[in-house]
Amino acid sequence: MKKDQFVYVTYIRTTPEKLWKALTQPEFTRQFFMGTVQESEWKPGASWRIKAPGDLITDSGEVLEIEPNRRLVLKWRNEFRPELKAEGYSRMTYELEKEGNSVKLTVIHEIDKKGSKLIEAVSSGWPHILASLKSLLETGESLEETREWPREACK
Amino acid sequence: MDAVFKALADPSRRKLLDELRKENGQTLSELCEHLDMTRQAVTKHLVLLEKANLIAVVWRGREKLHYLNPMPLHEIYERWIGKYERHRLQALSDLKKGLEQIKTKKPKTK
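Chains A and B, in that order, are what the protein sequence lines are. So that you can map any letter, position 99 of the first sequence is 99 in the numbering used here, and since no number is skipped, the others follow by simple counting. So that you can map any letter, position 93 of the second sequence is 248 in the numbering used here, and since no number is skipped, the others follow by simple counting.
Take a look at the structure:
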């Protein structure tokens with residue numbers, strides 16, 4: 001079956017351990033993931049969600065696979081835009097591989113349908129978020145415009 | 156960043172990226188169908204694009220799928236385009252597109 005899928009690869013000068021922390025812990029995600037935090041017990045089968053300021057749940061799902069510092073697979077559904085929520089669950093994978101002094105981070109976001117609005121929506125967000133994550137880990141400062149949840153998205 | 160500009164400085168490689176933008180996640184054989192090049196030439200171009208990180212590769216079983224990776228171009232964009240310039244650039248680009256469409260449509264209506 002054909003599916004919609006995006007793949008992003010970025011090399012970040014850091015360690016897998018630091019990158020893993022940055023991807024999962026609120027004090028880091030707040031800085032580069034549009035001011036949001038991710039809530040989960042981070043074990044297989046555990047529920048997972050993204051919470052924006054004001055307790056708005058933007059996305060939710062479940063941890064499908066987890067191997068700390070190495071790999072995370074999430075079941076992912078948008079929760080705040082009805083037309084995206086209607087598409088159901090997508091799958092998001094983080095893969096971390098050490099390469100010299102850097103870590104190769106691969107992000108794969110996919111859904112089992114063609115012409116997905118969800119994949120289109122996240123595909124404009126991921127490059128920005130990942131560029132900011134790279135900047136945060138390499139320089140200590142994230143990109144300014146990724147530190148706050150955009151107001152127009154809250155409607 | 157040198158690798159990125161070098162990879163982009165060739166029309167065939169830009170064509171390969173265009174093909175992936177149309178349909179992401181293609182195999183070598185699928186890419187060869189749209190291009191007037193030998194399989195070996197396409198393979199060589201893909202290696203250069205992959206080295207520049209402009210293409211990401213995912214294995215599905217025995218199939219090697221190629222994806223357009225926007226990260227290096229996003230870094231270039233971040234470096235030279237300020238956050239306040241983005242909306243104005245978008246507006247100008249929309250205006251250009253709109254005007255050029257009017258121009259190309261006119262002869263047909265006459």
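Heads up, the beta-carbon is just placed ideally off N, CA and C, and yes, glycines get one too.
Does any residue of chain B have a CB that is nearer than 9 Å to the CB of residue i?
i, result
"residue 53(A)", "no"
"residue 10(A)", "yes"
"residue 103(A)", "no"
"residue 131(A)", "yes"
"residue 136(A)", "no"
"residue 32(A)", "no"
Apart from the five residues just before and just after residue i, which ones in its own chain have a Cβ nearer than 8 Å to its Cβ?
i, result
"residue 117(A)", "83, 84 and 87"
"residue 265(B)", "Note that residue 265(B) scores a pLDDT of 46, beneath 50, so its modelled location is shaky and nothing firm can be said."
"residue 114(A)", "2, 3 and 4"
"residue 222(B)", "175, 179, 180, 210, 211, 212 and 213"
"residue 206(B)", "158 and 162"
"residue 23(A)", "29, 72, 94 and 133"
"residue 119(A)", "4, 5, 6, 90, 109, 110 and 111"
"residue 44(A)", "63, 64, 65 and 66"
Would residue i pass as an interface residue toward chain A - the criterion being a Cβ-Cβ separation below 9 Å?
i, result
"residue 229(B)", "yes"
"residue 216(B)", "no"
"residue 246(B)", "no"
"residue 226(B)", "yes"
"residue 240(B)", "no"
"residue 213(B)", "yes"
"residue 264(B)", "Confidence in residue 264(B) is poor, its pLDDT being 49 and thus under 50, which makes the residue's placement unreliable; the coordinate value appears in the next sentence. Closer than 9 Å: no."
"residue 253(B)", "no"
"residue 185(B)", "no"
"residue 174(B)", "no"
For the beta strand (DSSP E) that contains residue i, what are its first and last residues?
i, result
"residue 189(B)", "Premise fails: residue 189(B) is in no beta strand (DSSP E) and is neither H nor E."
"residue 39(A)", "37-40"
"residue 157(B)", "No beta strand (DSSP E) contains residue 157(B), which is instead part of the alpha helix (DSSP H) from 157-163."
"residue 206(B)", "First-last for residue 206(B): 194-206, but that is the alpha helix (DSSP H), not the beta strand (DSSP E)."
Can you give me the Cβ contacts of residue i inside the same chain, cut-off strictly under 6 Å, excluding the 5 residues immediately before and after it?
i, result
"residue 136(A)", "31, 32 and 142"
Can you tell which of the options has its C-alpha closest to the C-alpha of residue i?
i, options, result
"residue 51(A)", "42(A), 34(A), 66(A) and 45(A)", "34(A)"
"residue 110(A)", "14(A), 44(A), 103(A) and 76(A)", "76(A)"
"residue 150(A)", "139(A), 105(A), 125(A) and 130(A)", "125(A)"
"residue 202(B)", "216(B), 250(B), 172(B) and 257(B)", "172(B)"
What are the boundary residues of the alpha helix (DSSP H) that includes residue i?
i, result
"residue 30(A)", "26-32"
"residue 176(B)", "166-177"
Quick one: what's got a C-beta closer than 7 Å to residue i's C-beta in the same chain, skipping five residues either side?
i, result
"residue 158(A)", "Residue coverage of chain A in this structure runs from 1 to 155, which leaves residue 158(A) outside it and unanswerable."
Next item on the list: Tell me the start and end of each unbroken alpha helix (DSSP H) in the stretch 59-124 of chain A that is at least 4 residues and wholly inside, in chain order.
Entry: Whole alpha helix (DSSP H) segments, 4+ residues: 82-85.
Notebook entry, point to check: Mind pulling the alpha helix (DSSP H) runs of 4 or more residues that sit fully within the stretch 213-262 of chain B?
Noted result: Within the stretch 213-262 of chain B, the complete alpha helix (DSSP H) runs of at least 4 residues fall at 226-235.
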